[in-house]
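Here is the structure we will look at, set down as structure tokens.
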Amino acid sequence: MKPNFSLLSKLLILQYLSALCLSQDFDFFYFVQQWPGAYCDTRQSCCYPKTGKPVADFGIHGLWPNYNDGSWPSNCDPDSVFDKSQISELMSSMNEKWPSLSCPSSNGFRFWSHEWEKHGTCAESELDQREYFETALKLKEKINLLQILKDADIEPDDGFYSLENISDAIKKGTGFTPGIECNKDSAHNSQLYQVYLCVDTSGSNLIECPILPSSRCGSNIQFPKF
Numbered sequence: 153m154k155p156n157f158s159l160l161s162k163l164l165i166l167q168y169l170s171a172l173c174l175s176q177d178f179d180f181f182y183f184v185q186q187w188p189g190a191y192c193d194t195r196q197s198c199c200y201p202k203t204g205k206p207v208a209d210f211g212i213h214g215l216w217p218n219y220n221d222g223s224w225p226s227n228c229d230p231d232s233v234f235d236k237s238q239i240s241e242l243m244s245s246m247n248e249k250w251p252s253l254s255c256p257s258s259n260g261f262r263f264w265s266h267e268w269e270k271h272g273t274c275a276e277s278e279l280d281q282r283e284y285f286e287t288a289l290k291l292k293e294k295i296n297l298l299q300i301l302k303d304a305d306i307e308p309d310d311g312f313y314s315l316e317n318i319s320d321a322i323k324k325g326t327g328f329t330p331g332i333e334c335n336k337d338s339a340h341n342s343q344l345y346q347v348y349l350c351v352d353t354s355g356s357n358l359i360e361c362p363i364l365p366s367s368r369c370g371s372n373i374q375f376p377k378f
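And the structure:
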């Protein structure tokens, strides 16, 4: 009896689609904020957005789906492209809280498109495009890192602070242990660059991180001016 290649093909396609759907599930989000003073104080430097120099505050880098084992999905739906009309009502907040500092100077669309297509498409089972960006903006409102650090007398004044004190201040202010990423300036000083906090798959609630990113920080790190 000859095999039914049409049926076999259909079964293989169904298997592939099933595997694809499973691969797009995720366990939690990293909500990542970056300090512009550290982003700009590197060899690559930075370019201010076309709207002008951002305020001296942590800006959103992204809301990134992750797995509990430390891996992550990316570029999950090539057909779901960034559509700026979806966030037209959020544009003022996006410019303020999610500015692009990459060169050349831009209006942010390239940055936001990258974040949606690489990370946001992997969260479509939970959040559509507008909800994805809106969720990140709400998290930014909820987590005022600069004020939390200032309350602990940790200021962006080019001074050096202990990594432990920075981490403890953020944990006290949010209730959860942060992941802290550093970069190095041209003088090889370790600088406070990015802060990771973990959020459940709905994007609504902070949770304790199942796994924290590698910090690449010294025991004392600089909080550069911006």
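Using the numbering used here, read the sequence shown as starting at 153 and increasing by one per residue.
Every residue gets a Cβ at the ideal spot worked out from N, C-alpha and C, and that includes glycine.
Here the structure is a predicted model, which means the values were calculated and not measured.
> Apart from the five residues on each side of it in sequence, which residues of its chain come closer than 7 Å, Cβ to Cβ, to E269?
Replying inline: Your numbering for residue 269 matches position 117 in the sequence shown. Contacts found: N227, V233 and F234.
>> I'd like the span of the alpha helix (DSSP H) that includes Y345, first residue to last.
In response: Translated into positions along the sequence shown, residue 345 becomes position 193. Taken as a continuous stretch (DSSP letters only), Y345 belongs to no alpha helix (DSSP H), being part of the beta strand (DSSP E) at S342 to V351.
>> On the criterion of 16 or more Cβ atoms from any shown chain inside 10 Å, does L174 qualify as buried, or is it exposed?
In response: For the purposes of this step, residue 174 is taken as residue 22 along the sequence shown, with counting starting at 1. For L174, the pLDDT reaches just 42, beneath the cut-off of 50, and the residue's location in the model is therefore unreliable, although a value from the coordinates is still provided. So L174 counts as exposed.
> Within the chosen definition, does the stretch 195-202 reach the stretch 276-294 through at least 3 CB pairs nearer than 8 Å?
Replying inline: The stretch 195-202 vs the stretch 276-294: no contact.
>> Just to confirm my understanding: we take F263, look at its own chain, exclude 5 residues before and 5 after, and list those with CB closer than 6 Å. What are they?
In response: In the sequence shown, residue 263 corresponds to position 111, counting from 1. Excluding residues within five positions, the ones whose Cβ falls inside 6 Å are S252.
> Under the three-state reduction of DSSP, which class applies to Y219: helix, strand or coil?
Replying inline: The residue labelled residue 219 in the question sits at position 67 within the sequence shown. Shown here, Y219 sits in coil according to DSSP, grouped into three states, outside any helix or strand.
>> Taking 8 Å as the threshold (C-beta atoms), are F183 and A381 in contact?
In response: The structure shown has nothing for residue 381, since the chain only spans 153 to 378.
> Thinking C-alpha only, which one of N247, I332 and A190 is nearest D320?
Replying inline: Position 168 of the sequence shown, counting from 1, holds the residue named residue 320. Out of N247, I332 and A190, the CA that lies nearest to the CA of D320 is found in I332.
>> Among K294, N335, A304 and N341, whose alpha-carbon lies nearest the alpha-carbon of F312?
In response: Within the sequence shown, residue 312 is the residue found at index 160, counting from 1. Minimum Cα distance to F312 is reached at N341.
>> Could you tell me the alpha carbon to alpha carbon distance between S356 and G214, rounded to whole angstroms?
In response: Reading the sequence shown from its first residue, position 204 is the one you call residue 356. Reading the sequence shown from its first residue, position 62 is the one you call residue 214. Their backbone Cα atoms lie some 15 Å apart in a straight line.
> Taking DSSP as the reference, what is the three-state secondary structure of I239?
Replying inline: Counting from one through the sequence shown, the residue named residue 239 turns up at place 87. Note: I239 maps to helix in three-state DSSP.
> Over what stretch of residues does the beta strand (DSSP E) that includes G331 continue unbroken?
Replying inline: Indexing the sequence shown from 1 puts residue 331 at position 179. Where G331 is concerned, the enclosing beta strand (DSSP E) stretches over G331 to K336.
>> Can you tell me which residues form a DSSP beta bridge with G311?
In response: Sequence index remark: in the sequence shown, residue 311 carries index 159 (1-based). DSSP output for G311 lists F375 as bridge partner(s).
>> So the candidates are D221, S371 and V207; which of them puts its Cα closest to the Cα of W250?
In response: The sequence position of residue 250 within the sequence shown is 98, counting from 1. Among D221, S371 and V207, the Cα nearest to that of W250 belongs to V207.
> Could you check where the beta strand (DSSP E) with F183 kicks off and where it finishes?
Replying inline: The residue you call residue 183 lines up with position 31 of the sequence shown. F183: member of the beta strand (DSSP E) spanning F180 to Q186, first to last residue.
>> Measuring alpha carbon to alpha carbon, tell me which residue in L364, P217, L291 and F285 is nearest M246.
In response: What you label residue 246 is simply residue 94 of the sequence shown in a count that begins at 1. The residue among L364, P217, L291 and F285 with its C-alpha nearest the C-alpha of M246 is F285.
> Exposed or buried, which one is H271 when buried takes at least 16 other CB atoms within 10 Å?
Replying inline: Taking the sequence shown and counting its residues from 1, one reaches residue 271 at position 119. Per the 10 Å Cβ criterion, buried.
> Can you list, in chain order, the residues of its chain whose CB lies under 7 Å from that of P365, leaving out five sequence neighbours each side?
Replying inline: Taking the sequence shown and counting its residues from 1, the one referred to as residue 365 is at position 213. So the qualifying residues of the chain are G331, E333 and Y348.
> Looking at the unbroken alpha helix (DSSP H) that takes in L291, where does it start and where does it end?
Replying inline: Against the sequence shown, residue 291 aligns to sequence position 139. Q281 to K294 is the extent of the alpha helix (DSSP H) around L291.
>> Going by the DSSP bridge assignment, what does G211 pair with across the sheet?
In response: One-based indexing of the sequence shown puts residue 211 at position 59. Q186.
>> What does the Cβ neighbour count give for P376, buried or exposed, with the cut at 16 atoms within 10 Å?
In response: Taking the first residue of the sequence shown as position 1, residue 376 is located at position 224. Answer is buried; the Cβ neighbour count reaches 16.
>> Using only CA atoms, which one of S371, T353, C369 and N372 lies nearest to N220?
In response: Along the sequence shown, one-based indexing puts residue 220 at 68. Minimum Cα distance to N220 is reached at T353.
> Which value, in whole angstroms, describes the spacing of the CA atoms of G370 and S237?
Replying inline: One-based indexing of the sequence shown puts residue 370 at position 218. One-based indexing of the sequence shown puts residue 237 at position 85. Their backbone Cα atoms lie some 43 Å apart in a straight line.
> Are there 16 or more other CB atoms within 10 angstroms of the CB of P230, so buried, or fewer, so exposed?
Replying inline: Counted from its first residue, the sequence shown places residue 230 at position 78. Exposed is the call here.
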